[in-house]
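Everything on this sheet refers to the single structure shown next.
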Amino acid sequence: MNLGLQPLKDKNYTAASQLNVYQEQVGFVETINTILGYIDKKTHGHIIINKEEPDNEEIVGFFLIDTNYSRIYDFCSNHDLGLRSFFIDKNHQGHGYGKGAVKLLSDYLLNQYATASSVYLTVNCKNPSAKHCYEQGGFIDTGELYFGGDFGPQHIMKLSLNIGLA
């Protein structure tokens, strides 16, 4: 599998806006049109690309990085990022793209956000497969729950970005 992560650019916007999840997943992640509406100076869109065919790279997923996460959630500090709205398009699920992309996050985020020390996310307690995917990518369950979501309690997970740095 040859995956890549990159910031959402104008040239990719139309293709990214076509991404969807299955209807039963909408409780865990909002629609792409809603998600794209969150993008601003503090919340950045990123795409997951299947690079198996270099002449035909395909966007298979999407996520947001929120640099203002600590102002909203008290479980993280000023130099921490928030991973939000991570999903793989319904036509590409089941091929390992989610797990592969999560494994790329640490290096990618260190490159894109050099001053960040960790990235946090919340994952719904009713979504054990997503939690497992994040764990395989190095996220650790903090043991705490976030109760502010509309779809029930969520595990708070953390990925340290400064592992191995002096």
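Heads up: take any position in the sequence shown, counting from 1, add 74, and you land on our numbering. Note that the Cβ used here is the ideal one computed from N, Cα and C, for glycine as well.
Asked                                                                                                                                                                               : Found
Going by CA-CA distance only, name the one from 112, 236, 173 that's closest to residue 193.                                                                                        : 236
Going by beta-carbon coordinates alone, are residue 171 and residue 196 separated by less than 8 Å?                                                                                 : no
Taking all protein chains shown into account, do 16 or more other C-beta atoms lie within 10 angstroms of the C-beta of residue 111, making it buried, or fewer, making it exposed? : exposed
For the beta strand (DSSP E) holding residue 198, just list the boundary residues, first then last.                                                                                 : 192 to 198
Counting along the chain, where does the alpha helix (DSSP H) carrying residue 210 start and finish?                                                                                : 202 to 210
Got a sec? Which residues, its chain only, sit under 7 Å from residue 164 by beta carbon, not counting five neighbours each side?                                                   : 94, 95, 96
For my contact list, residue 132 and residue 123 are in at a C-beta cut-off of 8 Å; report their separation, rounded to the angstrom.                                               : 7 Å
Between residue 182 and residue 176, what straight-line distance do the alpha-carbon atoms span, to the nearest angstrom?                                                           : 10 Å
In the DSSP assignment, find the unbroken alpha helix (DSSP H) run with residue 220 in it and report its ends.                                                                      : Careful: residue 220 lies outside any alpha helix (DSSP H), inside the beta strand (DSSP E) at 214 to 220.
Only counting the same chain, and skipping five residues up and downstream in sequence, which positions put a Cβ closer than 7 Å to that of residue 180?                            : 212, 233, 235
Rounded to a whole number of angstroms, what is the C-alpha to C-alpha distance between residue 81 and residue 158?                                                                 : 14 Å
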